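Structure first, commentary second.
Residue numbers (this note's numbering): 2 to 217.
Right, here's the structure in full:
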């Protein structure tokens, strides 16, 4: 049964507009991480199936795709471009920076100004875009959860890339409340992506504070 027979726009959780932006999305988006091969590395076993999944998701009303050029690496963004480019009006693609995948398949930090600039250009090239709707800086202080430490340098780099027109809006990923506050002194933050679910509720105070600010 096709996905668009199972999901309707009315069942996608309503809509959300990222603060200070014209970007309005269905609350249920599509996370593209598993479009790559096993371990989020290399090509998938069924590339045509991956393309079909993306097209069915968009046909069902999903207009928010979460990705990163270090998924694969490069593979996931290339599949998104192959499946959906030229992109439909209103589709919001949110990517991440802060990591690289060397040939051994490990996850390594990539947080220097040079790394972040290269990551933006990799995303633009592989997605076929002139500018990225939203870029989340993914802090890699602790792979499995946030860890305190300044992210001012990295956020400043992204703010400069935003001024150059390569990024439209900035978000954060895997960060603490202190890091969110630090980043907001430098630039507007439109979303925060942390590990948060029914079993992991340690971020409740941060979630409540973001909600008060209207931040996704």
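Just so it is clear, CB atoms sit at the ideal spot from N, CA and C, and this is done for glycine as well. These numbers come from a predicted model, not from an experiment.
Residues sharing a beta bridge with residue i, DSSP
i: residue 138; result: 98 and 173
i: residue 216; result: Residue 216 is not bridged to any residue.
i: residue 93; result: 65
i: residue 133; result: 168
i: residue 73; result: 42
Residue j beta carbon less than 8 Å from that of residue i
i: residue 64; j: residue 96; result: no
i: residue 142; j: residue 129; result: no
i: residue 48; j: residue 94; result: no
i: residue 168; j: residue 133; result: yes
i: residue 196; j: residue 176; result: no
i: residue 127; j: residue 70; result: yes
i: residue 174; j: residue 139; result: yes
i: residue 184; j: residue 152; result: yes
i: residue 191; j: residue 135; result: yes
i: residue 74; j: residue 102; result: yes
i: residue 117; j: residue 158; result: yes
Residue i - DSSP class collapsed to helix/strand/coil
i: residue 201; result: coil
i: residue 193; result: strand
i: residue 110; result: strand
i: residue 208; result: helix
i: residue 21; result: coil
i: residue 146; result: coil
i: residue 50; result: helix
i: residue 30; result: coil
i: residue 7; result: Note on residue 7: pLDDT 49, under 50, position unreliable in the model; no value is reported.
i: residue 123; result: helix
i: residue 116; result: helix
i: residue 104; result: coil
Residues near residue i in its chain [Cβ-Cβ closer than 8 Å; skip 5 each side]
i: residue 16; result: 25, 26, 27 and 28
i: residue 189; result: 20, 21, 170 and 171
i: residue 52; result: 80, 83 and 84
i: residue 214; result: 20
i: residue 40; result: 106
Same chain, Cβ closer than 6 Å to residue i, neighbours up to 5 away in sequence not counted
i: residue 77; result: 33, 36, 37 and 68
i: residue 56; result: 84
i: residue 112; result: 99 and 155
i: residue 42; result: 106
i: residue 13; result: 27, 29 and 62
i: residue 207; result: 178
i: residue 204; result: 195 and 197
i: residue 110; result: 141
Residue range of the beta strand (DSSP E) that includes residue i
i: residue 41; result: From DSSP, residue 41 is part of no beta strand (DSSP E); its letter is neither H nor E.
i: residue 25; result: 25–27
The alpha helix (DSSP H) enclosing residue i, as first and last residue numbers
i: residue 13; result: Where residue 13 is concerned, there is no enclosing alpha helix (DSSP H), given that its DSSP letter is neither H nor E.
i: residue 79; result: 76–85
i: residue 187; result: 178–187
Residues of its chain near residue i, where Cβ-Cβ distance is below 7 Å and the 5 sequence neighbours each way are ignored
i: residue 45; result: 36, 37, 38 and 51
i: residue 86; result: 129
i: residue 1; result: With the chain covering only 2 through 217, there is no way to say anything about residue 1.
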